[in-house]
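Asks: First the structure, then my questions, so here it is.
Protein chains in written order, with our numbering: chain A, -11 to 477; chain B, -15 to 985.
Listed below in structure tokens is the structure:
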């Protein structure tokens, strides 16, 4: 009888375990992730997803480093010192090929950020200000990433908007093998996304959001996309399209309504050294923040400019500024102090070392994507192109005289005004990844320093140089038969 | 309540009755020459009650009154049945058998008669593994089984060991075999998270192992379904035997040091080092002033000449003590054991101490119902200094990279930890100080255990329910002191991790044995069962820094700042149905079939269940009438099998499309769509053909086992590239194909057998050819120094091809491309190419000679490995002039010095880069090693033994890894470097001399 009981118990137990529970028994879920379709259920979840979007912008290949370095290293602002760590060699020498790791990194990470933004945008949640705001931020990031892709991988809009742009991605499809939309189509998408962002945005810097689902709050600062960041981004996009009326209107929205100010000239150094997102609306409209726990370590932006040795405490110290850039600044220009004159192994002449990014290993540098000074300079350029020279000079001098209190101000006429604006842009936006794009959207030829001690090695870079654009990465062309490669690769 | 009380009373009465009716039978068992046969099995026919004979061939057994017949059997003898009618004292003479009719082998979910088996299974007796100076049994398996490659690359006691059965069958998933301990499909390998290496198997005392079965072909492995593709290793622990209570005490004590540093790789002494430095600077056009100042900064002429290898190695202690007891009667059998094992590595700071205990209890409640339980507990304490590539605290790596001119001691005898100048330790650390003051401790307690219930429902039909567990708790404690070494920059650094693994495995199974046809000529065995396995992993990780200024308080409670604190967990489950059938006709023809349906949480929702099957057939040709007259052939069996297995060694959640956290922003949690998943993801599927034979000649004085196999693995997991515009780069998919085919031979011969002397020769051999058959989009896949390409071995080196040293200039020349028509002295200008060199051996195996003369015995086992190339991943530091201020291999002394010099070592130019990589860092990996040599004496003077109150006494001396022969004069390191054949600068492997004593009482 006992045996029978044992057997019965065993039998019942096995039936229980093996049959009725079999399905759930085999359904083991991870401890560090949830199933995608049920991940975002309320506004606090959507906020976490938006944090993920911003976190993906911190990638070394994006605003962590590469996007900022490329615009200066491939222009007449900077060069790679001979004693380098091997990073960005191909950019420096304009000899990238289709296996280029940096090009691949920008491409892959920008589309990864777009994938993350699409998760927020395509969420079925709606109806509250919080959700609307978060979706606005995601629209703006999607626009920003398409913009970075199209200006790095495709012909400038100002040259020929019918040329191949980049694939537009607005929804996840793991089987998609998209072709390149035209440059014009990409810009149209960017403008549409920014319009959607502007329509949805609810808050500006210093506003606070309280999430209905958790009661937790989020105070908006310069590390989030806010109302005027969208306008500032619109101004930049229209600038790249040469659509000066819209550029002016967008920039004026920031200037007239945004409440931003420039840093006092005496505190410019302190402004750049500060590692925290701001709520005081000084200079920064949007930046990507890093902190003690979430950062790029030695691959931080400062690390590429500052060597490891004291007093710099950086990492690689690979990229140096040109003497020609340094010499542009007047003696009393606050920006001159952002470059240190030092020395570098393997270089006889003085080394001009960028100090815009300070090496801070407890709270890593934040990288500025949109600054008020840039908006003012876009506005000046828009006034110039619309024939309003007075306002062009007035706006230009807001920046120029703020930085150098002893500078009397620009007061030129005709096409020289544009040249003044470009010089001021070069001085103001040095090391912020801007210079190369000014040169190529305006189709300028420039001189690239290869070795400061050997001017005979200088390169003359013309707008026809195909290496000014990144190659479509081989990892994409290998699997995607619909994509076309850029000329020269 | 009342019912159960009554039941208990009934049960006790029944037990009492059984006891009351027992009687005692005694006897002795001898062979045909009258020599006592020890360990012969004595079983009451029709029951599981039994005992074994002692060293004198004597047995005592308590038998029930109903018992009529005893069955006496022993390996190599024909089983004999004796009638119990009336007598209580027997003398049994066994006749030698060439048939091994009753020999059984452990296979999946049970045992099978060897004669009926259709599978390729290699059995390794526990006696081959016990008492050896290896911390884990997988090291002991090297050379024991044809086709099983066991290779280590780290002399750390308790280091993980690479084991591959019949080649490498996977790229992305695991290629390690499945280990099954007493019916539990365990987690094996390295489960550490903070220290360099550990090995789950190091918690098992090899002395507790009865035997190991290595399952190789589909007929053996397919019953393990989705986990059988890499082969299965079944470990069965010892159990008690009925009869007189027997105790056994074993000890082995000795010393070890490093096994092998070839001459080419010994570090050079100070004079030579300065000569090289000087010559390098002259060749690099340094001025005399620069040369003088550099030489002086390294202490030229101050007489310091440090033997770093000598200082970082030692004569390590090797000791073990094992005590076991076997006891029991017809109803209850008990085995208990306790063990202590301690091993110090050849390198300082590394050791392992194991305490182990084992208990197995079986009890026959009635003739129908029996229960058993077993618990194997091991506690390992392992000091595990860093032993990875390029690590400054790795005592072996630094012994090569430090200059002979760096003095580890201050004049007052204290450790020199200054970092101020080139005479002290400005870059690499003083290993003596770091080893003395850093901590890398693992404390691991592992329990394997479980219980089973057997119920004989009717004659021939048995039900078994077996529950087993693996429970593992690992504490890891790493401390880098704040004064010198890796901890300086953070004021001391600590990592304290805790890992808990709990796994249960429950199977319920029916076995049915039926003899059909007249004379019971058709023997039928059927099996069907259901199994469920659940694994749960939990880990807490913490790191901290800024310790107080002492080396005495390594735990993180003393640190000023905690830098990481996190917990993580993982699960997996398997649920399976399995069945098999074996039909044997007249012991001549056998037919076998198996089927398993596996479900696993690791497989995508679309492919959650898979079916695996096998068929096998065997023909015992020697049983045919026409073979009667062929006296030469005593045994001949021809086997064949075909079937499918899977490899489920993939990530626990990889198939899932998930949203995960970690993309944090502004100190707030950030989530992203982080795993693309693949709802179709499933096991890799292997179809294997095996054809073999077992041949015995001259009354089995010569036995040969031969197998040919061909394994084609399909649905190999690869990351299939997809458009990056999706936001992902690839999707893990079942898309590749790989093939392994080869032969295995095991040969055992007794060439000489005279009155007092016997010589046994054992030889085993394996050859495997691996071919990558299909890759995603047919594109090559770069894999470090290897490259996967269709049509080649998976471990094909893809490097720059060396053309040699130009006798005119001393420059190292490389082939520009694979046409080998032009050379270049610029390393970067040479193309990467296939070199027709692989990291996998073409052949490997072992040769064992055993001799016995009267009571003396000796044996020598040589392990051989042929046909692979081993790569030095760090040679640029010790072989090239690129890093001229580090220690150097001796082979640098044969460098090119003047036009006309013919050498393989180029001109030594201070700081010149990149000349020690590529093909130059590849060496022939062929070697022969004297793996094990034993000389012993077995006492059989009964009078003396009786006086000592002993039943047996055996004394021996053992040498392990005493001699290594390599076949490349330029090879600077030991050629055994794991299955990838890449030198990772792991700790030196040991050779040891030990003395052993085995006592029975």
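For every residue, glycine included, the Cβ atom is placed at its ideal position computed from N, Cα and C.
Take residue 310 of chain A and list the residues in its own chain whose beta-carbon comes closer than 8 angstroms to its own, dropping the five residues that flank it on each side.
Replies: Your numbering for residue 310 of chain A matches position 322 in the first chain. Correct list, in chain order: 64, 65, 66, 67, 340, 437, 440.
Asks: Starting from the Cα of residue 546 of chain B, find the closest Cα among B/566, B/537, B/565, B/525 and give me that residue.
Replies: Taking the first residue of the second chain as position 1, residue 546 of chain B is located at position 562. It is B/525 whose Cα lies nearest to the Cα of residue 546 of chain B.
Asks: Quick one: using the 10 Å Cβ neighbour count with 16 as the cut-off for buried, is residue 52 of chain A buried or exposed?
Replies: Residue mapping note: residue 52 of chain A aligns to position 64 of the first chain, counting from 1. By the 10 Å Cβ count, residue 52 of chain A comes out buried.
Asks: Counting pairs of Cβ atoms below 8 angstroms between the segment 514 to 525 of chain B and the segment 168 to 185 of chain B, do you hit three or more?
Replies: Because the criterion of three Cβ pairs below 8 angstroms is met, the segment 514 to 525 of chain B and the segment 168 to 185 of chain B touch.
Asks: If we define contact as Cβ-Cβ less than 8 angstroms, is residue 647 of chain B a contact residue for chain A?
Replies: For this step, residue 647 of chain B is matched to residue 663 along the second chain. For residue 647 of chain B, the answer is yes, since a Cβ of chain A falls inside 8 angstroms of its Cβ.
Asks: Below 8 angstroms on the Cβ atoms is my contact criterion, and I expect residue 523 of chain B with residue 483 of chain B to pass it. Report the Cβ-Cβ distance as a whole number of Å.
Replies: Taking the second chain and counting its residues from 1, one reaches residue 523 of chain B at position 539. Taking the second chain and counting its residues from 1, one reaches residue 483 of chain B at position 499. Yes, residue 523 of chain B and residue 483 of chain B are in contact; Cβ-Cβ is about 5 angstroms, under 8 angstroms.
Asks: Counting only the same chain and skipping the five closest in sequence on each side, list residues whose C-beta sits under 7 angstroms from that of residue 238 of chain A.
Replies: As a working mapping, residue 238 of chain A is identified with position 250 in the first chain. Once the five neighbours on either side are set aside, the close Cβ partners of residue 238 of chain A are 219, 222, 223, 226.
Asks: List the whole-angstrom C-beta distance separating residue 591 of chain B from residue 665 of chain B, where the pair is believed to meet the contact cut-off of C-beta under 8 angstroms.
Replies: Here residue 591 of chain B refers to the residue found at position 607 when the second chain is read from its first residue. Here residue 665 of chain B refers to the residue found at position 681 when the second chain is read from its first residue. Right, the Cβ-Cβ distance comes to about 7 angstroms (below 8 angstroms), so this counts as a contact.
Asks: Restricting to runs no shorter than 3 residues, where is the beta strand (DSSP E) found entirely within the segment 813 to 841 of chain B?
Replies: List check, beta strand (DSSP E) in window: 816 to 822, 827 to 837.
Asks: Can you give me the Cβ contacts of residue 982 of chain B inside the same chain, cut-off strictly under 6 angstroms, excluding the 5 residues immediately before and after it?
Replies: To locate residue 982 of chain B, count along the second chain from 1; it is residue 998. Around residue 982 of chain B: 234, 938.
Asks: In or out: residue 769 of chain B buried (at least 16 other Cβ within 10 Å) or exposed?
Replies: For this step, residue 769 of chain B is matched to residue 785 along the second chain. Buried: at least 16 other Cβ atoms inside 10 Å.
Asks: Please work out which residues of its chain come closer than 6 angstroms, Cβ to Cβ, to residue 83 of chain B, disregarding the five sequence neighbours upstream and downstream, and give them in chain order.
Replies: Sequence index remark: in the second chain, residue 83 of chain B carries index 99 (1-based). Because residue 83 of chain B carries a pLDDT of 49, less than 50, the predicted location of this residue cannot be relied on, and the following value inherits that uncertainty. Counting only Cβ-Cβ distances below 6 angstroms, and skipping sequence neighbours, we find nothing.
Asks: Identify the residues that DSSP records as bridge partners of residue 347 of chain B: which are they?
Replies: The sequence position of residue 347 of chain B within the second chain is 363, counting from 1. Note: residue 347 of chain B sits in a beta bridge opposite B/316, B/355.
Asks: Please confirm if residue 269 of chain B has its CB atom under 8 angstroms from at least one CB of chain A.
Replies: Taking the second chain and counting its residues from 1, one reaches residue 269 of chain B at position 285. Not one chain A Cβ lies under 8 angstroms of residue 269 of chain B.
Asks: Determine, for residue 871 of chain B, whether the minimum Cβ-Cβ distance to residues of chain A falls below 8 angstroms.
Replies: The residue you call residue 871 of chain B lines up with position 887 of the second chain. No, its Cβ sits nowhere closer than 8 angstroms to a Cβ of chain A.
Asks: What does a CB cutoff of less than 7 angstroms around residue 138 of chain B pick up in its chain, not counting 5 residues either side in sequence?
Replies: Here residue 138 of chain B refers to the residue found at position 154 when the second chain is read from its first residue. Closer than 7 angstroms at the Cβ level, and outside the excluded window around residue 138 of chain B, lie 181, 371, 970, 971.
Asks: Span of the alpha helix (DSSP H) holding residue 379 of chain B?
Replies: For the purposes of this step, residue 379 of chain B is taken as the residue at position 395 of the second chain. Element bounds for residue 379 of chain B: 379 to 385.
Asks: Tell me the DSSP secondary structure of residue 365 of chain B in three-state form.
Replies: To locate residue 365 of chain B, count along the second chain from 1; it is residue 381. Reduced to three states, the DSSP call for residue 365 of chain B is strand.
Asks: Which residues of the segment 267 to 282 of chain A have a Cβ closer than 8 angstroms to any Cβ of chain B? Give them in chain order.
Replies: Per Cβ criterion, the list reads 277, 279, 281, 282.
Asks: Would you say residue 216 of chain A and residue 246 of chain A are within 8 angstroms of each other, going by their C-beta atoms?
Replies: Start at 1 with the first residue of the first chain, and residue 216 of chain A comes out as number 228. Start at 1 with the first residue of the first chain, and residue 246 of chain A comes out as number 258. Going by C-beta atoms, residue 216 of chain A is nearer than 8 angstroms to residue 246 of chain A.
Asks: Following the continuous alpha helix (DSSP H) through residue 388 of chain A, name the residue where it begins and the one where it ends.
Replies: Counting from 1 along the first chain, the entry for residue 388 of chain A is found at position 400. Unbroken alpha helix (DSSP H) run through residue 388 of chain A: 377 to 391.
Asks: What number of angstroms, rounded off, separates the C-alpha of residue 124 of chain B from the C-alpha of residue 114 of chain B?
Replies: Here residue 124 of chain B corresponds to residue number 140 of the second chain, with the count starting at 1. Here residue 114 of chain B corresponds to residue number 130 of the second chain, with the count starting at 1. Rounded to whole angstroms, residue 124 of chain B to residue 114 of chain B spans 9 angstroms at the Cα level.
Asks: Which ranges would you report for the beta strand (DSSP E) in the segment 316 to 378 of chain A if only whole runs of at least 3 residues count?
Replies: Listed in chain order, they are 327 to 332, 335 to 342, 355 to 359.
Asks: Give me the DSSP bridge partner(s) of residue 737 of chain B.
Replies: The sequence position of residue 737 of chain B within the second chain is 753, counting from 1. According to DSSP, which records beta bridges pairwise, residue 737 of chain B is partnered with B/742.
Asks: In the DSSP assignment, the alpha helix (DSSP H) including residue 919 of chain B goes from what residue to what residue?
Replies: Taking the second chain and counting its residues from 1, one reaches residue 919 of chain B at position 935. Looking at the DSSP string, residue 919 of chain B is not in any alpha helix (DSSP H); the run it does join, the beta strand (DSSP E), is 911 to 923.
Asks: Chain A beta carbons: is any one of them nearer than 8 angstroms to that of residue 708 of chain B?
Replies: As a first step, residue 708 of chain B must be located in the second chain, where it is residue number 724. Yes, its Cβ sits closer than 8 angstroms to a Cβ of chain A.
Asks: Pull the bridge partners of residue 64 of chain B from the DSSP assignment, please.
Replies: Walking along the second chain from the start, residue 64 of chain B turns up at place 80. Paired residues: B/56.
Asks: Would you say residue 51 of chain A reaches chain B, if we count a Cβ-Cβ gap shorter than 8 angstroms as a contact?
Replies: Counting from one through the first chain, the residue named residue 51 of chain A turns up at place 63. No, no contact with chain B.
Asks: Give me the residue from B/857, B/15, B/619, B/883 with the minimum Cα distance to residue 606 of chain B.
Replies: The count along the second chain starts at 1 and reaches residue 606 of chain B at position 622. That would be B/619, whose Cα lies nearest to the Cα of residue 606 of chain B.
Asks: Is the CB of residue 102 of chain A under 8 angstroms away from at least one CB in chain B?
Replies: Along the first chain, one-based indexing puts residue 102 of chain A at 114. By this cut-off, residue 102 of chain A is an interface position.
Asks: Which of the three DSSP states, helix, strand or coil, is assigned to residue 235 of chain B?
Replies: Mapped onto the second chain, residue 235 of chain B falls at position 251. Looking at residue 235 of chain B - three-state DSSP - the assignment turns out to be strand.
Asks: If I follow the unbroken beta strand (DSSP E) through residue 308 of chain A, where does it start and stop?
Replies: Position 320 of the first chain holds residue 308 of chain A. First-last of the beta strand (DSSP E) with residue 308 of chain A: 307 to 309.
Asks: Nearest chain B C-beta to residue 152 of chain A closer than 8 angstroms, yes or no?
Replies: The count along the first chain starts at 1 and reaches residue 152 of chain A at position 164. So, not an interface residue.
Asks: Counting only Cβ pairs nearer than 8 angstroms, list the residues of chain B close to residue 164 of chain A.
Replies: For this step, residue 164 of chain A is matched to residue 176 along the first chain. Residues of chain B passing the Cβ test: 707, 709, 710.
Asks: Any idea if residue 533 of chain B is buried or exposed, counting beta-carbon neighbours within 10 angstroms, 16 or more meaning buried?
Replies: Within the second chain, residue 533 of chain B is the residue found at index 549, counting from 1. Classification for residue 533 of chain B: exposed.
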